[in-house]
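The sequence shown begins at 0 in numbering that gives the first Met the number 0 and counts up one residue at a time.
Ideal placement from N, C-alpha and C gives every residue a C-beta, glycine not left out.
Please read all numbers here as calculations on a predicted model, not as lab measurements.
Inspection log for the structure reproduced underneath, given as structure tokens.
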Amino acid sequence: MEHLPHGPFLVANDGSLTAVRQPALRFAWRGRGCEATLTPGLISLGIQAGAVPYTVDQVAARPGAFAELGALPGDLPEGWRLRLMPDHRVRLETAVELNGAATATALVSAMVGFALATDPYLDRLESAGMRAGTVNT
0 MEHLPHGPFL VANDGSLTAV RQPALRFAWR GRGCEATLTP GLISLGIQAG AVPYTVDQVA
60 ARPGAFAELG ALPGDLPEGW RLRLMPDHRV RLETAVELNG AATATALVSA MVGFALATDP
120 YLDRLESAGM RAGTVNT
């Protein structure tokens with residue numbers, strides 16, 4: 000057998016993965032939703048890093064939250080980006096190029112490395128009043 004179907008992948012005898020549809024692995028880090036998607040030669044990673052506090056609940060926290068959102072992009076690693084979503088959720092995103100075939104080991108390694116690398120930025124966002132698990136509309 001050349002390929003074994005497994006979820007959104009075909010697994011070759013050598014362990015390499017081929018996507019049969021847009022695969023996404025979702026996981027949680029520090030109470031935040033994370034996602035890894037796989038396209039040929041690339042693993043895209045993202046985390047819902049927090050949300051800008053509600054005006055009605057924490058009016059005093061909003062200026063600090065927006066100030067941190069303005070300062071943070073300049074401190075992110077090369078290739079990372081910060082996005083403020085329309086519902087005021089904050090996302091951190093990056094992509095990792097694959098050298099060779101996509102394997103489960105490469106995918107999990109990229110996911111763990113990304114999650115650990117987000118820690119100082121999540122700390123900063125939390126200090127500015129942005130917490131996990133909240134969406135402000």
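Residue pairing by DSSP puts ALA18 in a beta bridge opposite PHE8.
For VAL107, the enclosing alpha helix (DSSP H) covers residues 103-126. For the pair LEU91 and ALA27, the CB atoms are not nearer than the 7 Å cut-off.
When DSSP reads this structure, GLY32 sits in a beta bridge with ALA27. The continuous stretches of alpha helix (DSSP H) do not include ARG88, which lies in the beta strand (DSSP E) extending over residues 88-96. A Cβ-Cβ distance of about 7 Å is found for the pair VAL95 and LEU44, placing them in contact under the 8 Å criterion. When the five nearest sequence neighbours on each side are left out, the beta carbons in the same chain lying within less than 7 Å of the beta carbon of ALA101 are those of SER15, LEU16 and LEU37, in order along the chain.
Collapsing the DSSP output to three states places LEU75 in coil. Remark: C-beta atoms of ALA66 and GLY128 do not approach each other more closely than 7 Å.
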